[in-house]
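Colleague: Those sequence lines, one after another, are chains H and R.
Going by our numbering, the first residue of the first sequence is number 1, and it counts up by one from there.
Going by our numbering, the first residue of the second sequence is number 356, and it counts up by one from there.
Here it is: the structure, laid out below.
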Amino acid sequence: MTIETRFHLKRGGFVLDVDVTFPARGATAFFGPSGCGKTTLLRAIAGLVRDPNGFCRVGDALWQTGSHFLPPHRRPLGFVFQEASLFPHLSVQRNLEYGLKRVPGQQRRVTLSEAVELLGVESLLTRRPHGLSGGERQRVAIARALLTSPRLLIMDEPLAALDRASKREILPYLERLHNELAMPVLYVSHAPDEVARLADHLVLLDSGQVRAAGPIGELLTRLDLPREQGAEAEAIIEARVAAHDESYHLSYLEFAGGRFSVARNALPLGHSARLRVLARDVSITLQPQTGTSILNIFPASIDDLIEEGPAQMLVRLDIAGVPVLSRITRKSAKVLALAPGKQVYAQVKAVALLE
Amino acid sequence: MISDADLVALRVTLQLAGLTTLILLVLGTPLAWWLARSHWRFKFLVEAVVALPLVLPPTVLGFYLLVTLGPHGPVGSLMEALGGRPLAFTFAGLVVGSVIYSLPFVVQPLQGAFTSVGRRPLEVAATLRASPFDRFFTVAVPLARPGFLTATVLGFAHTVGEFGVVLMIGGNIPGRTQVLSIAIYDHVESLEYSHAHILSGGLLMISFLLLITVYALNRRFTMVKP
Chain H
1 MTIETRFHLK
11 RGGFVLDVDV
21 TFPARGATAF
31 FGPSGCGKTT
41 LLRAIAGLVR
51 DPNGFCRVGD
61 ALWQTGSHFL
71 PPHRRPLGFV
81 FQEASLFPHL
91 SVQRNLEYGL
101 KRVPGQQRRV
111 TLSEAVELLG
121 VESLLTRRPH
131 GLSGGERQRV
141 AIARALLTSP
151 RLLIMDEPLA
161 ALDRASKREI
171 LPYLERLHNE
181 LAMPVLYVSH
191 APDEVARLAD
201 HLVLLDSGQV
211 RAAGPIGELL
221 TRLDLPREQG
231 AEAEAIIEAR
241 VAAHDESYHL
251 SYLEFAGGRF
261 SVARNALPLG
271 HSARLRVLAR
281 DVSITLQPQT
291 GTSILNIFPA
301 SIDDLIEEGP
311 AQMLVRLDIA
321 GVPVLSRITR
331 KSAKVLALAP
341 GKQVYAQVKA
351 VALLE
Chain R
356 MISDADLVAL
366 RVTLQLAGLT
376 TLILLVLGTP
386 LAWWLARSHW
396 RFKFLVEAVV
406 ALPLVLPPTV
416 LGFYLLVTLG
426 PHGPVGSLME
436 ALGGRPLAFT
446 FAGLVVGSVI
456 YSLPFVVQPL
466 QGAFTSVGRR
476 PLEVAATLRA
486 SPFDRFFTVA
496 VPLARPGFLT
506 ATVLGFAHTV
516 GEFGVVLMIG
526 GNIPGRTQVL
536 SIAIYDHVES
546 LEYSHAHILS
556 GGLLMISFLL
566 LITVYALNRR
576 FTMVKP
């Protein structure tokens, strides 16, 4: 199941010109600087803007092709806008029911109580939108979109208009959404942090064009893509809780290339976990190091390396198919004679659990 | 105190204003909606035509209506050819005149209200499966409620206060086309100042009360909006 889109849209001086296919499962993040066309692309997918020559297919449903254009109200999608945009003349409950009652009974897969529970809006039901905080409003808006039982949930920077505290309040709900509903999500963001936590798949946009698209682990570690200003070079690794070690208060997280030891967490065994490994926390040795305090050492092969400034190099390592970045000095690269294909050991000094 | 003739004039006035307002809401709502949403290049022409009655002397408007609706005018002769009667000097003629005369007072508040609703709530409704018709009635109209209130009251009050157009096309036929404003004029002409006082004072009070209601209610609505 994939989503295939082709759009060419002029917006004043700006041109969105995309032809991109991405999986219709998990969360796909559209990432790029503001004004790069992320929002316009999602609005085109929703049918809120119309490119007369556009093409949009979701799974096997054709939403737009040639003269066939399914109007937005007939597309089975949920859209969460940057501002919650609750209907001010309706109570929270009536806002939630607005979409729900327009979906035929046999197509409803999400019940009111499920959505209310998932987003924790129970206590708000009788309130009016104007009395809610920004975070509360956005949670209601997400629940309202879910209640149309969409086959595709589109979120256009749902956290951008919120302050830090409200963001922290909502992120866990978005993660639950991601984990508990088998609903593909398209997510626009220009916050690298949100993307790292939520996305499985990434579409990088720049001035109206797709720079790259692919699984997040692969895309984040590509050396040929420009990194967002101030963004850390990092790798995201999908892992699973394999065991907890009570005596040392550690948890063991298994991934394709081995097992990470991290500080004990509360996740149940078998639970999936997302790890962030910063390039500056990964060092390279030619022999497996003994007599070191570092626990996480994995055999790896060098994939590629590029210079990063006059003194440093960014190395892409392959740990049994899982890409990881390492930042070392140019001198070290020379001394160790690092080159693509060389077998080395990656020492990971620090790893952060994202979920 | 208040004569039977005055009561009849009051009845004719209320009927005229009520019917005019009703017709204007029915016709003016889609027109205002279109004006608020359309990106047509020459939309300003339509807006200018709608606003004309604001600046035109009512007698000018009344004169052209008389010429058009009278037995020798294009509409009048068509009506006669179809076996009807020309509209000049009839209540129906007054309604036609009032609808045109009060058009901007209904269309402009509605257009402003629809514009201030903005695109976003309607887009949200669209993504919640509401058809264009559905979202117009369940989102645009409720959110434009202050505009509807203003339009209704202004349309009604302005029709009640109309004089020049009525005089030109309706004449002054008691029980049929004589409205309050003309009755007042008649009283003054015949130096019946006490009668004129009662009617004028009544109209002043009613108009003032209507406007107070509108502004008070609209203040509440805008305070409720986020």
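Glycine residues also receive a C-beta, built at the ideal position from the N, C-alpha and C atoms.
Quick caveat: nothing in here was measured; it's all calculated off a predicted structure.
Going straight from the alpha carbon of SER357 of chain H to that of VAL315 of chain H, what length do you get?
Modeller: Only positions 1 to 355 of chain H appear in the structure, and residue 357 of chain H is not among them; the question remains open.
Colleague: Within 8 Å (strictly less), CB to CB, does LYS580 of chain R reach chain H?
Modeller: The sequence position of residue 580 of chain R within the second sequence is 225, counting from 1. Only weak support is given to the placement of LYS580 of chain R: the predicted model assigns it a pLDDT of 42, under 50, and the value that follows is read from those uncertain coordinates. It does; some Cβ of chain H falls within 8 Å.
Colleague: Could you tell me the distance, in whole angstroms, from the CA atom of PRO581 of chain R to the CA atom of ALA44 of chain H?
Modeller: Looking up residue 581 of chain R in the second sequence gives position 226. Looking up residue 44 of chain H in the first sequence gives position 44. At PRO581 of chain R the pLDDT is 37, less than 50, meaning the model places this residue with poor confidence; the figure from the coordinates comes in the next sentence. So the two alpha carbons sit approximately 28 Å from each other.
Colleague: Since MET183 of chain H is in the alpha helix (DSSP H), which residue starts that stretch and which ends it?
Modeller: What you label residue 183 of chain H is simply residue 183 of the first sequence in a count that begins at 1. Element bounds for MET183 of chain H: n/a, residue is neither H nor E.
Colleague: With 8 Å set as the bound, which would you pick, yes or no: does the beta-carbon of THR148 of chain H sit closer than that to a beta-carbon of chain R?
Modeller: Residue numbering aside, residue 148 of chain H sits at position 148 when the first sequence is read from its first letter. Cβ-Cβ to chain R under 8 Å: yes for THR148 of chain H.
Colleague: Would you mind telling me which residues of chain H sit closer than 9 Å to GLU296 of chain R, beta carbon to beta carbon, in chain order?
Modeller: Because chain R is modelled from 356 through 581, residue 296 of chain R falls outside the range shown and cannot be assessed.
Colleague: Taking one C-beta from the stretch 107-121 of chain H and one from the stretch 133-145 of chain H each time, how about it: are there three or more such pairs within less than 8 Å?
Modeller: Contact holds: three or more Cβ-Cβ distances are below 8 Å.
Colleague: Mind checking which residues open and close the alpha helix (DSSP H) that includes MET155 of chain H?
Modeller: Along the first sequence, read from residue 1 onward, the residue named residue 155 of chain H stands at position 155. Note, MET155 of chain H: premise wrong, no alpha helix (DSSP H); beta strand (DSSP E) at 152-156.
Colleague: In chain order, what residues of the same chain have a beta carbon less than 7 Å from the beta carbon of ASP304 of chain H, not counting five sequence neighbours either side?
Modeller: Taking the first sequence and counting its residues from 1, one reaches residue 304 of chain H at position 304. So the qualifying residues of the chain are LEU223, ARG316, PRO340.
Colleague: Listed from N- to C-terminal order along the chain, which residues in the stretch 88-103 of chain H have their beta-carbon within a distance smaller than 7 Å of any beta-carbon of chain R?
Modeller: Those would be PRO88, HIS89, TYR98, GLY99, ARG102, VAL103, in chain order.
Colleague: Within 10 angstroms of its Cβ, does ASN53 of chain H collect 16 or more other Cβ (buried), or is it exposed?
Modeller: On the first sequence, position 53 is the one that residue 53 of chain H refers to. When all chains shown are included, ASN53 of chain H counts as exposed.
Colleague: Give a yes or no on whether the minimum CB-CB distance between LEU437 of chain R and chain H is below 8 Å.
Modeller: Walking along the second sequence from the start, residue 437 of chain R turns up at place 82. No, no contact with chain H.
Colleague: Residue range of the alpha helix (DSSP H) that THR384 of chain R falls in?
Modeller: Within the second sequence, the letter at position 29 stands for residue 384 of chain R. Unbroken alpha helix (DSSP H) run through THR384 of chain R: 359-392.
Colleague: Using 10 angstroms around the beta-carbon of MET560 of chain R, count the other beta-carbons present and answer buried if the total reaches 16, otherwise exposed.
Modeller: Here residue 560 of chain R corresponds to residue number 205 of the second sequence, with the count starting at 1. Burial call: exposed.
Colleague: Between which two residues does the beta strand (DSSP E) carrying TYR252 of chain H extend?
Modeller: In the first sequence, the residue the question calls residue 252 of chain H occupies position 252. Taken as a continuous stretch (DSSP letters only), the beta strand (DSSP E) holding TYR252 of chain H covers 250-255.
Colleague: What does DSSP give as the partner residues of PRO323 of chain H in its beta bridges?
Modeller: One-based indexing of the first sequence puts residue 323 of chain H at position 323. According to DSSP, which records beta bridges pairwise, PRO323 of chain H is partnered with H:ASP318.
Colleague: Runs of 4 residues minimum, wholly inside the stretch 105-133 of chain H: which ones carry the alpha helix (DSSP H) assignment?
Modeller: Within the stretch 105-133 of chain H, the complete alpha helix (DSSP H) runs of at least 4 residues are 112-119.
Colleague: Going by Cα to Cα distance, which pick from H:LEU269, H:PRO33, H:VAL15 is closest to ASP206 of chain H?
Modeller: Looking up residue 206 of chain H in the first sequence gives position 206. Closest by alpha carbon: H:PRO33.
Colleague: Given this structure, state the Cα-to-Cα distance separating ALA239 of chain H from ARG500 of chain R, to the nearest angstrom.
Modeller: The residue you call residue 239 of chain H lines up with position 239 of the first sequence. The residue you call residue 500 of chain R lines up with position 145 of the second sequence. Going by the C-alpha atoms only, they are around 55 Å apart.
Colleague: Going along chain R, which residues have a C-beta under 8 Å from ARG144 of chain H?
Modeller: In the first sequence, residue 144 of chain H corresponds to position 144, counting from 1. Those within 8 Å of ARG144 of chain H in chain R are LEU483.
Colleague: Along the chain, where does the beta strand (DSSP E) that runs through SER261 of chain H open and close?
Modeller: The residue labelled residue 261 of chain H in the question sits at position 261 within the first sequence. Element bounds for SER261 of chain H: 258-263.
Colleague: Does the distance from the C-beta atom of PHE469 of chain R to that of TRP388 of chain R stay below 8 Å?
Modeller: Residue mapping note: residue 469 of chain R aligns to position 114 of the second sequence, counting from 1. Residue mapping note: residue 388 of chain R aligns to position 33 of the second sequence, counting from 1. Result yes, Cβ atoms of PHE469 of chain R and TRP388 of chain R sit closer than 8 Å.
Colleague: Assuming ALA273 of chain H is part of the beta strand (DSSP E), what are its boundary residues?
Modeller: In the first sequence, counting from the first residue as 1, residue 273 of chain H sits at position 273. Unbroken beta strand (DSSP E) run through ALA273 of chain H: 272-278.
Colleague: Could you give the C-beta distance for ARG474 of chain R and ALA481 of chain R, rounded to a whole number, given that I count them as a contact under 8 Å?
Modeller: As a first step, residue 474 of chain R must be located in the second sequence, where it is residue number 119. As a first step, residue 481 of chain R must be located in the second sequence, where it is residue number 126. In fact, because the Cβ distance is near 10 Å, the residues do not count as touching under 8 Å.
Colleague: One question on the structure: do LEU325 of chain H and ALA279 of chain H come within less than 8 Å of each other, judged by their Cβ atoms?
Modeller: For the purposes of this step, residue 325 of chain H is identified with residue 325 of the first sequence, where counting begins at 1. For the purposes of this step, residue 279 of chain H is identified with residue 279 of the first sequence, where counting begins at 1. Against a cut-off of 8 Å, the Cβ pair of ALA279 of chain H and LEU325 of chain H comes out as a contact.
Colleague: Could you please give the first and the last residue of the uninterrupted alpha helix (DSSP H) stretch that includes GLY510 of chain R?
Modeller: On the second sequence, position 155 is the one that residue 510 of chain R refers to. Run containing GLY510 of chain R: 500-515, per the alpha helix (DSSP H) assignment.
Colleague: Does ASN573 of chain R come within less than 8 Å of chain H when only Cβ atoms are used?
Modeller: Counting from 1 along the second sequence, the entry for residue 573 of chain R is found at position 218. By this cut-off, ASN573 of chain R is not an interface position.
Colleague: Around the Cβ of THR39 of chain H, are there at least 16 other Cβ atoms within 10 angstroms (buried) or fewer (exposed)?
Modeller: Reading the first sequence from its first residue, position 39 is the one you call residue 39 of chain H. Looking at its Cβ environment, which holds 16 or more other Cβ atoms inside 10 Å, THR39 of chain H is buried.
Colleague: Using a Cβ-Cβ cutoff of less than 6 Å, which residues in the same chain neighbour VAL579 of chain R once the five nearest sequence positions on both sides are dropped?
Modeller: If you number the second sequence from 1, residue 579 of chain R lands on position 224. Residue confidence for VAL579 of chain R is low, a pLDDT of 45 falling below 50, so the modelled location carries little weight and cannot support an answer.
Colleague: Who are the near neighbours of ILE216 of chain H in its chain, counting only those whose CB is closer than 7 Å to its CB and skipping five residues on each side?
Modeller: On the first sequence, residue 216 of chain H is found 216 positions in, with the first residue counted as 1. Cβ neighbours of ILE216 of chain H beyond the five flanking positions: ALA199, ASP200, HIS201, LEU202, ILE236.
Colleague: Roughly how many angstroms separate the alpha carbons of GLY438 of chain R and LEU420 of chain R, rounded to a whole number?
Modeller: Locating residue 438 of chain R in the second sequence gives position 83, counting from the first residue. Locating residue 420 of chain R in the second sequence gives position 65, counting from the first residue. Spanning the two alpha carbons is a distance of roughly 20 Å.
Colleague: Go ahead and pull the three-state DSSP assignment for LEU202 of chain H.
Modeller: Position 202 of the first sequence holds residue 202 of chain H. Here LEU202 of chain H sits in strand by DSSP.
Colleague: Please determine, among H:GLN82, H:ARG11, H:PRO104, the residue with the shortest C-alpha to C-alpha distance to ARG74 of chain H.
Modeller: Your numbering for residue 74 of chain H matches position 74 in the first sequence. Of the listed residues, the one whose Cα sits closest to ARG74 of chain H is H:PRO104.
Colleague: Alpha carbon to alpha carbon, how far is SER471 of chain R from GLN413 of chain R? Give it in angstroms, no decimals.
Modeller: Counting from one through the second sequence, the residue named residue 413 of chain R turns up at place 58. Counting from one through the second sequence, the residue named residue 471 of chain R turns up at place 116. According to the sequence displayed, residue 413 of chain R carries Pro and not Gln. Roughly 31 Å separates the two Cα atoms.
Colleague: Taking the straight line between their C-alpha atoms, what separation do you get for GLU547 of chain R and GLY373 of chain R?
Modeller: On the second sequence, residue 547 of chain R is found 192 positions in, with the first residue counted as 1. On the second sequence, residue 373 of chain R is found 18 positions in, with the first residue counted as 1. Between GLU547 of chain R and GLY373 of chain R, the C-alpha separation is close to 28 Å.
Colleague: If we cut at 8 Å on Cβ distances, does LEU498 of chain R have a partner in chain H?
Modeller: Looking up residue 498 of chain R in the second sequence gives position 143. Answer yes: the Cβ-Cβ gap between LEU498 of chain R and chain H drops below 8 Å somewhere.
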